[in-house]
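First to last, the sequence lines map onto chains L and H.
Take the first sequence: its letter number 186 is residue 186 in the working numbering, and every next letter is one higher.
Add 227 to the 1-based position in the second sequence for the working numbering, that's all there is to it.
Here the structure comes first, spelled out in structure tokens, and everything after it is commentary.
2 protein chains.
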Amino acid sequence: MSKSSVSKLVPKVPSVGGSRRAAYSASTKRALIDVAQTLFTDQGYAATSLDQIVAGARVTKGALYHHFSGKQALFEAVFERVESDSAQSVKKALRGHRDPWDKARAGLRAHLEVVQEARYRRIVIQEGPAVLGYERYREQEERSTFANVLDIVQSVLAAGKWELDEDMQQTFARIFFGAMSSAGEAVSGSEDPIAAAVRVETAIGFILAGFQILVENDVQLPNALAD
Amino acid sequence: MSKSSVSKLVPKVPSVGGSRRAAYSASTKRALIDVAQTLFTDQGYAATSLDQIVAGARVTKGALYHHFSGKQALFEAVFERVESDSAQSVKKALRGHRDPWDKARAGLRAHLEVVQEARYRRIVIQEGPAVLGYERYREQEERSTFANVLDIVQSVLAAGKWELDEDMQQTFARIFFGAMSSAGEAVSGSEDPIAAAVRVETAIGFILAGFQILVENDVQLPNALAD
DNA sequence: GCACTCACATACCGTGAGTACGTACCGAGA
DNA sequence: TCTCGGTACGTACTCACGGTATGTGAGTGC
């Protein structure tokens with residue numbers, strides 16, 4: 001232990017534009033988020049102490065509380081980053097697809113990839129709701145991962161001749177979002193993730209197929225559960 | 228405040244069978260779980276102190292640590308009870324349905340009811356994964372709520388002429404489970420839960436309809452995402 | 001070069017989970 | 001009925017950890 005290897009005291013942050021101090025400051029903030037992300041992912045939020053984090057970042061609590069208002073705020077920074085990265089990676093996979101059904105399948109695949117990452121599972125799925133509270137958690141998801149799903153669903157719905165209002169589109173998106181998330185669990189929780197992924201893709205592909213038939217034949221929405 | 232109304236020092240637990248002492252013991256244990264459930268639901272796990280709990284149950288920490296190995300174990304007891312109650316209520320709604328599609332719709336409705344309860348949302352959905360850890364959390368869901376969904380899915384699948392292995396059934400069940408859970412969020416998170424519930428039932432009803440067409444026409448599973 | 005402030009470091013406090021130990025009371029046996 | 005053992009707690013304490021108040025020295029603008 002000890003602050004052995006003083007690897008780099010020089011900040012990675014490009015100093016262009018800001019002052020020297022600002023660059024160093026941004027560097028330590030970044031270091032705090034980096035270390036926190038690692039520890040939160042490995043040990044969870046509650047099991048990670050601020051002392052561990054500041055030790056890992058080779059600073060003290062003073063520095064931490066200078067940059068963040070507390071432990072939860074630090075977690076939130078980590079959360080936002082992980083969420084943002086994941087959403088970006090899915091978004092990237094969506095580009096270049098003209099056919100909405102292809103787009104949907106590509107999105108599913110990308111999502112299944114993301115949900116296998118330890119940091120996403122731990123920080124976003126597992127700890128996110130409890131630490132941030134459900135409200136803030138949903139706000140975040142709303143404008144990142146969920147936005148992607150909504151995009152997909154709207155593409156698919158636009159393929160049909162339906163007229164669905166915003167609320168209904170949201171509802172469909174929510175449902176597919178849940179299905180995909182849960183599918184992700186089935187994959188990442190399996191002892192044979194590859195086989196599980198194939199099963200998931202088959203199952204969802206099948207559901208999409210049923211959906212596609214209805215949409216393309218312009219079948220009207222049933223008053224499904226009317227007695 | 229204060230231990231004002233000494234409402235009942237007599238345990239509610241039926242003393243038949245056990246000794247007097249055992250009855251009192253079970254009573255305090257029950258009181259601890261009751262109070263803990265209320266406080267965890269209202270304030271969350273982290274924000275609830277053991278002092279609050281034991282004060283509410285009019286005992287001391289000695290009693291708590293006699294019955295439970297710690298805070299987490301107490302939460303687990305609460306969790307199991309809430310989960311069990313919820314699963315029972317859904318299970319009850321499933322009985323008496325011969326048509327699997329009716330059964331599915333009834334299950335959906337019951338699930339939407341459950342997911343609106345504050346205690347279920349807070350303890351099971353929000354705090355469960357973080358406090359118990361994902362493994363234990365899934366174990367619990369596996370043999371309660373998820374078991375219901377699996378039951379429904381198997382009924383529906385049995386309506387077709389398909390031959391699906393156990394893994395594939397599980398996969399379908401997982402996906403529908405996720406869809407229903409997320410649908411529940413859409414309902415309970417909405418500012419107009421009734422309208423949201425109608426939308427959800429419509430949307431899922433529609434998806435079920437697509438599914439139904441495929442199943443009843445014995446459409447084979449596609450190699451959905453094969454390139 | 002001088003004041004000022006930003007980016008931390010240090011020392012401290014309060015709270016809350018967990019523990020060690022004491023004790024009263026019930027129930028079984030003599 | 002008396003003892004005796006163990007259960008079911010109560011009491012007092014420790015220690016870890018999140019948070020805060022305050023000091024300080026290196027930039028930075030004037």
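Glycine included, each C-beta is placed from N, C-alpha and C at the ideal position.
Could one say the Cβ of residue i lies closer than 9 Å to chain L's Cβ atoms, at least one of them?
i          : result
Asp-394(H) : yes
Gln-264(H) : no
Gln-397(H) : yes
Leu-291(H) : no
Ala-304(H) : no
Pro-420(H) : no
Ala-423(H) : yes
Chain H partners of residue i, CB-CB under 7 Å?
i          : result
Leu-112(L) : The premise fails here: Leu-112(L) is roughly 10 Å from chain H at the closest Cβ pair, so nothing lies under 7 Å.
Which residues in chain H have a C-beta closer than 9 Å to the C-beta of residue i? List them in chain order.
i          : result
Arg-138(L) : Glu-412, Gly-416
Ala-152(L) : First, the residue type needs correcting, since residue 152(L) is Ile and not Ala in the sequence shown. By Cβ distance, chain H contributes nothing, its closest Cβ being about 14 Å from Ile-152(L), past 9 Å.
Val-200(L) : Thr-398, Arg-401, Ile-402
Please classify residue i as buried or exposed, where buried requires at least 16 neighbouring CB atoms within 10 angstroms.
i          : result
Glu-83(L)  : buried
Leu-339(H) : buried
Lys-256(H) : buried
Thr-189(H) : Given a span of 228 to 454 for chain H in the structure shown, any question on residue 189(H) remains unanswerable.
Asn-375(H) : buried
Ala-196(L) : buried
Ala-130(L) : buried
Ser-415(H) : buried
Ser-144(L) : buried
Gln-126(L) : buried
Gly-289(H) : exposed
Thr-60(L)  : exposed
Arg-248(H) : exposed
Glu-368(H) : buried
Glu-135(L) : exposed
Ala-183(L) : buried
Glu-393(H) : exposed
Arg-95(L)  : exposed
Ile-421(H) : exposed
Gly-297(H) : exposed
Ser-155(L) : buried
Ala-334(H) : Sequence inspection shows Gly at residue 334(H); the Ala mentioned does not correspond to that position. Answer is buried; the Cβ neighbour count reaches 16.
Ala-47(L)  : exposed
Ala-284(H) : buried
Ala-93(L)  : buried
Gln-397(H) : buried
Ala-186(L) : buried
Gly-18(L)  : exposed
Does the beta carbon of residue i come closer than 9 Å to any beta carbon on chain H?
i          : result
Ser-181(L) : yes
Tyr-45(L)  : yes
Ile-207(L) : yes
Gly-178(L) : yes
Phe-211(L) : yes
Val-156(L) : no
Val-90(L)  : no
Ala-23(L)  : no
Strictly below 9 Å CB to CB, what residues from chain L border residue i?
i          : result
Tyr-361(H) : Arg-121, Arg-122, Ile-125, Gln-126, Glu-185, Gly-189
Can you pull the chain H residues whose beta carbon is under 8 Å from the beta carbon of residue i, in chain order?
i          : result
Asp-214(L) : The residue you asked about is not Asp; residue 214(L) is Leu in the sequence shown. Within 8 Å Cβ-Cβ: Phe-433, Ala-436, Gly-437, Ile-440.
Pro-100(L) : Result: empty, since nearest Cβ-Cβ is about 15 Å, beyond 8 Å.
Which bits of chain L does residue i rub up against, with CB to CB less than 7 Å?
i          : result
Ala-314(H) : Simply none; closest approach about 17 Å.
Name the chain L residues that come within less than 8 Å of residue i, Cβ to Cβ?
i          : result
Ala-357(H) : Gly-44, Tyr-45, Ala-46, Gln-126, Glu-127, Pro-129, Ala-130, Val-131
The region 95-105 of chain L contacting the region 206-217 of chain L, beta-carbon criterion three pairs below 8 Å
yes
Are the region 171-183 of chain L and the region 398-408 of chain H touching, with three or more C-beta to C-beta distances below 8 Å?
yes
Spell out a yes or no on whether the region 244-264 of chain H and the region 310-324 of chain H are touching, meaning 3 or more CB-CB pairs, one atom from each, closer than 8 Å.
no
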